[in-house]
Structure formats: structure tokens, C-alpha cells
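S.K.:
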Amino acid sequence: MSSTDQPRRDVILDVRDLTVSYRATKAVDRVSLHINRGEIFGLLGPNGAGKTSTLSAIEGLLKPGSGTVLVDGVDVQRHPAQAKSKMGVQLQATSFQGQLSIRQIVQLYAGLYGIELSDGQITEGLSTIGLGHESPKLFKQLSGGQQQRLSLFIAVIHDPVLLLLDEPTSGLDPQSRRQLWSRIEHLRDEGSSILLTTHSMEEAQAVCDRVAIIDHGTVLANGAPGDLIDQHRDDPLVRQAARGAVTLEDVFIGLTGSEIRD
Amino acid sequence: MTSTTSIAATANSRLILSSLLRADFIVFLKNRRSLIMSILLPYLILESTNSKTSTANLGGPLFVIGLSITYGIASTSIMGYSLATARDREKGVFQRLRVTPASTGAIMGSRLIVQLLANLVIALVVVGLGARAHHLSLSVGQYGLVLLVSVLGGAMFLCIAQALVALVKSSETVNSTARLLYIGLILLGLLGQGGTLGHPWGTVARWSPVGTVMTLFAGVLHLSAWDGRDLESLLVSVGYIVVFAVIGIRWFQWEVR
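The listed protein sequences correspond, in order, to chains A and B.
Position 135 (the first sequence) corresponds to 254 in our numbering; numbering is contiguous.
Position 23 (the second sequence) corresponds to 82 in our numbering; numbering is contiguous.
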């Protein structure tokens with residue numbers, strides 16, 4: 120690693136000039152962002168803005184056209200296994216092998232991170248998320264909230280320094296959503312850094328320490344929700360979107376437009 | 060999880076592979092339909108060709124056993140493996156595995172190892188059933204050679220299956236294509252090899268993936284008659300493996316996008 124590649128102190132995720140293309144279409148265009156230790160960072164954007172492509176490049180699922188991604192100082196492209204062992208991931212649509220029981224799924228994913236768990240440890244772990252009695256069941260037999268809890272449990276099974284959550288609250292009822300946010304905040308308080316995508320501006324404003332608003336593959340704004348609101352309060356498009364006090368959603372609509380995206 | 064949180068984050072590659080193998084074995088054993096088909100069809104062929112006349116029409120008992128094993132391993136590879144792989148890709152199972160430290164080689168290698176071991180078991184069961192049905196006594200060496208050809212044939216059909224899921228994205232299309240391919244191979248083997256379809260088709264059948272593997276099975280079960288044709292079949296089989304493996308690896312996509 121050259122001296123210019125040296126990660127900044129306490130920066131857990133460092134994305135520099137990331138570009139991702141699908142044939143002629145640039146999904147992510149020179150995106151740079153960083154996440155500090157113990158920070159919840161929200162990546163916000165309309166459908167097709169480039170959020171999932173950015174996450175996929177960070178996760179090592181696709182090869183960027185250019186740019187670097189460092190996780191706790193480890194280059195994802197050069198040392199994928201080492202970088203992945205520092206990350207916990209919850210994908211947008213989690214799918215585990217349909218024929219495996221919950222216990223077998225936990226055992227598999229623990230093993231993939233180099234952790235051997237006894238039956239007792241698995242039961243104990245599942246009990247902490249209220250799934251102690253569900254271990255013989257298949258993943259599809261769990262409710263949406265239970266599936267989400269299990270997915271998050273597996274994502275943090277190896278105590279990662281960085282947690283990536285792609286629309287974690289999508290499709291959850293208010294109780295499950297509230298519980299999930301509590302767990303995410305708890306993980307942050309324990310020192311994990313969290314990068315998440317969400318369409319709920321209200322939740323992002325309430326929970327995220329910093330957010331980046333992305334559209335057409337580029338970062339339009341980046342900062343603490345309160346700072347972004349202050350910076351864009353007098354923007355005519357933001358004022359037009361606001362119905363009363365300016366919120367993060369008004370800033371989002373003001374920056375990305377109000378037309379519907381597919 | 061407090062006792063596990065301090066355990067090294069850098070994953071142990073041996074534990075990764077053993078975890079994948081254990082999971083893939085469980086999944087394979089729970090796919091009962093594919094497993095039953097891979098044993099049932101060879102058993103039906105052996106039973107239906109039990110008479111001296113029908114066995115002779117197909118080239119003798121050793122050829123019939125070779126045919127049965129070939130169809131057994133072709134069934135589980137072409138229909139079972141390709142469909143399971145296409146469905147898992149569509150559901151995002153591979154994507155979930157790929158965000159872990161497991162390499163893509165380990166993820167796919169584990170599945171292939173399980174399938175190859177299944178092919179060995181199928182071959183052993185079918186050759187045992189065949190030897191009993193046709194009153195043959197086979198040496199330990201012949202059983203060993205049968206296993207070797209099973210590995211070769213299994214690898215060939217797995218490469219064909221891999222090429223299929225590389226070229227076709229939708230699991231439904233993979234399913235229907237695999238069925239058509241399998242039926243085509245069965246007909247080519249039974250009718251072409253038996254001489255029913257005449258000269259050109261007989262030659263096509265002889266050098267088809269099914270034909271070459273059947274020849275090899277018959278060859279190792281009747282070693283004293285091993286000749287140049289068997290060697291040619293061996294080389295052609297290896298050629299099929301190389302060609303379909305290149306297609307299967309070069310064009311395989313881990314996600315449907």
C-alpha cells in the first residue's frame with residue numbers, strides 16, 4: 120500500500136472515486152465517502168440512483184470500473200476475503216438455502232467466518248433474538264420480522280467492524296421496525312460502523328449520524344441531517360417541497376426532484 | 060455470542076469448505092426427487108432389459124449396465140444440478156454466500172464435490188444392481204474402474220449442466236431445456252446406439268456425450284475387449300469436459316440482472 124493509500128485514523132470505510140458501469144450506463148460516477156468508527160451513515164436516493172450498486176461494489180459483489188474501497192484499511196479489490204471478514208452484510212432480499220433449518224443456516228454462516236459454534240451456542244444466540252424455539256424451522260416458515268432479525272443476527276455473527284444494511288426496514292411493521300432500529304443503534308453504541316440505505320427519510324433523520332444523498336450515480340449532498348437541512352433551508356426547490364418546518368425529506372425532494380422513478 | 064466475538068475474523072479456509080460441504084450435502088439429500096430419479100431410472104432400465112433378447116439387442120449386459128449408470132448420473136447432473144443452481148442464483152442464495160469470505164471457487168467447488176460424490180454412489184449402487192440382475196461377478200478392480208469412469212462421466216455431465224446455467228439465465232427455461240436435453244440424450248443413446256436410427260444417427264450417438272461414457276463403462280466392465288475405440292472415447296470425453304467447462308465458467312453469472 121502506498122503512502123497515499125493510507126487510511127485515515129478511525130475511518131472504517133473509505134470509498135474514493137468509485138465508478139461502476141453496466142455496459143454504457145454509469146450507475147455510480149466517482150462517488151467518494153467515508154464512515155467513521157461508531158457511526159451510522161445513511162445512503163439515500165430514489166430508485167435507480169446507484170445506492171445498491173455502490174453497496175455491491177463495497178461488498179465486493181461487483182468490480183468497479185475505477186476507484187478504491189478500503190474497509191478498516193483493507194482494499195476490497197486486492198484482499199477480498201480479508202475485507203469481507205471485517206464486514207457484515209444484510210442484502211435487500213435475503214435468501215438462504217431453502218432446505219436448511221435455521222440452526223443449519225446459522226452453523227453454515229458462522230463457519231464461513233471461521234467460527235465453530237456448538238448446538239448450545241447456536242440455541243443461546245438464537246434465544247437472544249427470540250428465535251430459540253424456531254431453530255428447526257426453515258427460513259421461509261418465519262415471519263417477516265423474524266426473518267429480518269435472523270438476517271441481522273447472521274450479519275453480525277462475527278462481530279464485524281462495518282455493517283452494511285440494504286433497506287433493512289423494508290416491509291416491516293412498525294413494531295419490528297422500531298425493534299430493528301434499537302438493535303442497529305445498540306450495535307453502533309458497541310463500536311460498529313453502519314452503512315445503510317433506506318427510503319424512509321424520517322428514520323434516516325432520526326437515526327443516522329450522517330447521510331449522503333445520491334442520484335444518477337453521484338453524491339449530491341453529504342453531512343449530518345441537521346446540517347443538510349440548515350444548508351438547503353433557503354433553496355427554492357426545498358422550500359417548494361416543504362410543508363411547514365423543513366425536513367430531510369424536503370431536502371431530498373428538493374435535490375432529487377419530485378418525479379416518480381421506476 | 061460473547062464467547063465467539065473475540066474469535067479471529069479472518070476465516071479459516073478449511074472450516075469454510077467443510078461448512079459449505081455440510082450444507083450442500085444436506086440440501087442435496089433433501090432434494091429427494093432428483094435423488095430418486097437418478098436411481099429409479101437406471102433400475103428400470105436394468106429390470107426392463109433383464110431378458111437375454113433385450114440385453115443382446117442393446118449390446119450385452121455390460122453395455123446395459125454402462126447405459127444405466129450413464130443415465131443415472133446424467134439425470135442428477137443435467138436436471139438436478141442445473142436446476143438447483145439456476146434457482147439458487149435466481150433467489151439470491153449465491154449473492155448471500157459471496158458477501159462472506161468464502162471464495163467463488165469454494166462456493167461452486169463444494170456443490171460440484173457433492174454432486175461428484177453422489178455420482179459415485181449412484182454408479183456403485185447401479186453396478187451392484189446390474190451385476191445381480193445379469194448374474195455377473197465383477198472384481199474389485201472393475202468396481203474401481205467403474206468409479207473412475209463415473210468421476211469422468213459425472214464431470215462431463217456436470218460441465219454440460221454448468222454450461223447450461225451459464226448460457227440460460229431463467230430457472231424455468233433451464234428446467235425445460237434440461238428436460239429436453241436429457242430426453243434427447245436418452246433417445247440418442249437408446250435408439251442411436253441400438254442401431255434403430257440407422258448409420259448417421261448411430262455415429263452421432265456413438266460420439267455423443269452419452270455414447271462416449273457408455274462405451275467407457277462397457278470397456279472397463281469388459282477389460283479384455285478394451286481397444287482403440289475405448290481410448291478415443293476417453294479422449295473425446297475429456298474434450299467435452301474441457302469445452303463445456305470453459306463455457307460454464309466463462310459465461311456463468313452469479314446473479315440474474
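We put the beta carbon where it would ideally sit given N, CA and C, even for glycine.
Spatial neighbours of residue 259 of chain A within its chain, please: C-beta separation below 7 Å, excluding the five flanking residues on both sides.
M.R.: 217
S.K.: Taking DSSP as the reference, what is the three-state secondary structure of residue 161 of chain A?
M.R.: strand
S.K.: For residue 350 of chain A, count neighbouring Cβ atoms within 10 angstroms of its own Cβ and tell me buried if that reaches 16, exposed if not.
M.R.: The C-beta of residue 350 of chain A has fewer than 16 other C-beta atoms within 10 Å across all chains shown, which makes the residue exposed.
S.K.: According to the Cβ coordinates, are residue 136 of chain B and residue 220 of chain B closer than 8 Å?
M.R.: yes
S.K.: Could you give the first and the last residue of the continuous alpha helix (DSSP H) run that contains residue 270 of chain A?
M.R.: Where residue 270 of chain A is concerned, the enclosing alpha helix (DSSP H) stretches over 263-274.
S.K.: Using a beta-carbon distance below 8 Å, is residue 85 of chain B in contact with chain A?
M.R.: yes
S.K.: Just to check my reading of the structure: residue 360 of chain A and residue 373 of chain A have Cβ atoms closer than 8 Å, yes? What is that Cβ distance to the nearest angstrom?
M.R.: 5 Å
S.K.: Is the Cβ of residue 158 of chain B closer than 8 Å to any Cβ of chain A?
M.R.: Chain A, which has a Cβ nearer than 8 Å to the Cβ of residue 158 of chain B, makes this yes.
S.K.: How many whole angstroms separate the CB atoms of residue 128 of chain B and residue 209 of chain B, which I take to be in contact at a CB cut-off of 8 Å?
M.R.: 7 Å
S.K.: On the DSSP bridge assignment, give the partners of residue 340 of chain A in chain order.
M.R.: A:332
S.K.: Out of curiosity, what's the CA-to-CA distance linking residue 309 of chain A and residue 272 of chain A?
M.R.: 15 Å
S.K.: Which residues of chain A have a Cβ atom closer than 7 Å to the Cβ of residue 145 of chain B, listed in chain order?
M.R.: Within chain A, no residue comes near residue 145 of chain B; the closest Cβ sits about 14 Å away, beyond 7 Å.
S.K.: Using the rule of at least 16 other Cβ atoms within 10 Å of the residue's Cβ for burial, across every protein chain shown, is residue 294 of chain A buried or exposed?
M.R.: Its Cβ having fewer than 16 others within 10 Å, residue 294 of chain A is exposed.
S.K.: Would residue 123 of chain A pass as an interface residue toward chain B - the criterion being a Cβ-Cβ separation below 8 Å?
M.R.: Residue confidence is low: residue 123 of chain A scores 43 on pLDDT, short of 50, so the model does not pin down where it sits. No coordinate-derived value is stated.
S.K.: Going along chain A in order, which residues have a C-beta closer than 8 Å to the C-beta of residue 75 of chain B?
M.R.: 230, 231 and 233
S.K.: Are the Cβ atoms of residue 367 of chain A and residue 348 of chain A separated by less than 8 Å?
M.R.: yes
S.K.: Quick one: measure Cβ to Cβ for residue 166 of chain B and residue 179 of chain B, integer angstroms, because I've assumed they're closer than 8 Å.
M.R.: About 22 Å separates the two Cβ atoms, so there is no contact after all.
S.K.: Just the C-alpha distance for residue 84 of chain A and residue 323 of chain A, rounded to the nearest angstrom, thanks.
M.R.: Here chain A comprises residues numbered 120 to 381, so residue 84 of chain A is not present and cannot be evaluated.
S.K.: Is it the case that the region 84-97 of chain B contacts the region 234-250 of chain B, given that we only count it when at least three CB pairs across the two stretches are under 8 Å?
M.R.: no
S.K.: Thinking residue 132 of chain A and residue 314 of chain A are a contact (beta carbons under 8 Å), I'd like their distance in whole angstroms, please.
M.R.: 6 Å
S.K.: What number of angstroms, rounded off, separates the C-alpha of residue 258 of chain B from the C-alpha of residue 131 of chain B?
M.R.: 26 Å
S.K.: Using a Cβ-Cβ cutoff of 7 Å, what residues of the region 301-323 of chain A are near chain B? List them in chain order.
M.R.: Close to chain B, meaning a Cβ-Cβ distance shorter than 7 Å, is no residue of the region 301-323 of chain A at all.
S.K.: Output, in sequence order along the chain, the residues in the region 203-223 of chain A whose CB is closer than 8 Å to any CB in chain B.
M.R.: 203, 204, 205, 206, 208, 210, 212, 213, 214, 215, 216, 217, 218, 219 and 223
S.K.: Along the region 154-178 of chain B, where does the CB come closer than 8 Å to a CB of chain A? Name the residues.
M.R.: 154, 155, 156, 157, 158, 159, 160, 161 and 162
S.K.: Grab me the residues of residue 142 of chain B's own chain with a C-beta within less than 7 Å of its C-beta, minus the 5 sequence neighbours each way, in chain order.
M.R.: 230, 233, 234 and 237
S.K.: Please classify residue 196 of chain B: does DSSP put it in a helix, a strand, or coil?
M.R.: coil
S.K.: Interface residues of chain B around residue 227 of chain A at Cβ under 8 Å?
M.R.: 78, 79, 81 and 82
S.K.: Going by C-alpha to C-alpha distance, which of A:165, A:160, A:177 and A:156 sits closest to residue 136 of chain A?
M.R.: A:177
S.K.: Among residues of its own chain, excluding the 5 on either side of residue 174 of chain A, which ones have a beta-carbon nearer than 8 Å to its beta-carbon?
M.R.: 162, 283, 285, 314 and 316
S.K.: Should residue 205 of chain A go down as buried or exposed, given a rule of 16 or more other Cβ atoms within 10 Å for buried?
M.R.: buried
S.K.: Check the C-beta distance from residue 279 of chain B over to residue 201 of chain B and give it rounded, since I have them as a contact under 8 Å.
M.R.: 7 Å
S.K.: Roughly how many whole angstroms lie between the Cα atoms of residue 149 of chain B and residue 288 of chain A?
M.R.: The straight-line gap from Cα to Cα measures roughly 22 Å.
S.K.: Consider the Cβ of residue 200 of chain A: report whether some Cβ of chain B lies at a distance smaller than 8 Å.
M.R.: yes
S.K.: Go ahead and pull the three-state DSSP assignment for residue 255 of chain B.
M.R.: coil
S.K.: For residue 153 of chain A, does the three-state DSSP call read helix, strand or coil?
M.R.: strand
S.K.: Name the residue from A:223, A:150 and A:335 whose alpha carbon lies nearest to the alpha carbon of residue 376 of chain A.
M.R.: The alpha carbon of residue 376 of chain A has as its nearest neighbour, out of A:223, A:150 and A:335, the alpha carbon of A:335.
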